[in-house]
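Here is the structure we will look at.
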Amino acid sequence: MTKHYELFYVFPGTLSEEELPTSCTAVLDILKTQDVSDIKTTEIGKTRLAYPIKHIRYGYFYSTTFKVDTEKLALIKKKLDIEPSLLRSLIHIYDEEEVTTRDKNVAAMKKRSARYSKKVEPEKEPASEKPSQKKEVVVKPKETSPKAKTKTTKVAKETSVETISKKLDEMLDGGDIANI
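Sequential numbering from 491 applies to the sequence shown in my numbering.
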């Protein structure tokens, strides 16, 4: 019995842009040897993994939909597990309704992340129209004893989430965490 399936697979982020097409064709060749029909591949993109797999933190994600006989599915899974260029692969039954709801959720998540990733500028005080109404305040310096210590304040630099995650990756990859 022929069913419609979806294959998610991840290549290591250490692959170069030139090596990706050959790795993708290797996966597609595995599918084509099993008489798969209606093959559609979409590149999801390079993303940070939730946890390191084989000491790799980033991966190239792909999705392929196809139709195949259910008896040949086990052989496809075995061949994908043997493929050395793949980090992970997952095959499940393709459901059109699930895909549309997933696409809607992804679009909503992108909107939220875009909204929260914008830098917030401090609000500026509105300029008063009548400068004559401003009161001048004269501040007299305090007398300090020679033994008094001066306090220094550090100015915090604004850092983005991207710079923090890059520094964290450098520390974890470089082995600096052992020195802490």
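Positions of the beta carbon are idealized from the N, C-alpha and C atoms, including for glycine.
What residue from the options has the CA that sits closest to residue i's CA?
| i | options | result |
| --- | --- | --- |
| Leu577 | Lys522, Ser513 and Ile583 | Ser513 |
| Leu518 | Val596, Asp663, Thr504 and Lys567 | Lys567 |
| Leu539 | Phe551, Thr532 and Thr531 | Phe551 |
| Thr531 | Asp585, Arg592 and Leu521 | Leu521 |
| Ile572 | Ile546, Ala516 and Glu509 | Ala516 |
| Thr555 | Met661, Ile543 and Asp585 | Asp585 |
| His494 | Pro542, Val589 and Glu507 | Val589 |
State the start and end residues of the unbroken beta strand (DSSP E) segment that holds residue i.
| i | result |
| --- | --- |
| Lys557 | Ile546 to Asp559 |
| Leu539 | Ser527 to Ile543 |
Determine whether the beta carbon atoms of residue i and residue j lie at a separation below 8 Å.
| i | j | result |
| --- | --- | --- |
| Ile581 | Leu563 | yes |
| Ser527 | Lys557 | yes |
| Ile583 | Ser553 | no |
| Phe501 | Ser575 | yes |
| Gly549 | Thr537 | yes |
| Ile546 | Thr492 | no |
| Ser579 | Leu497 | yes |
Which of the three DSSP states is assigned to residue i in this structure?
| i | result |
| --- | --- |
| Thr492 | strand |
| Ser579 | strand |
| Leu505 | coil |
| Tyr584 | coil |
Grab the span of the alpha helix (DSSP H) containing residue i for me, first residue to last.
| i | result |
| --- | --- |
| Lys569 | Leu563 to Ile572 |
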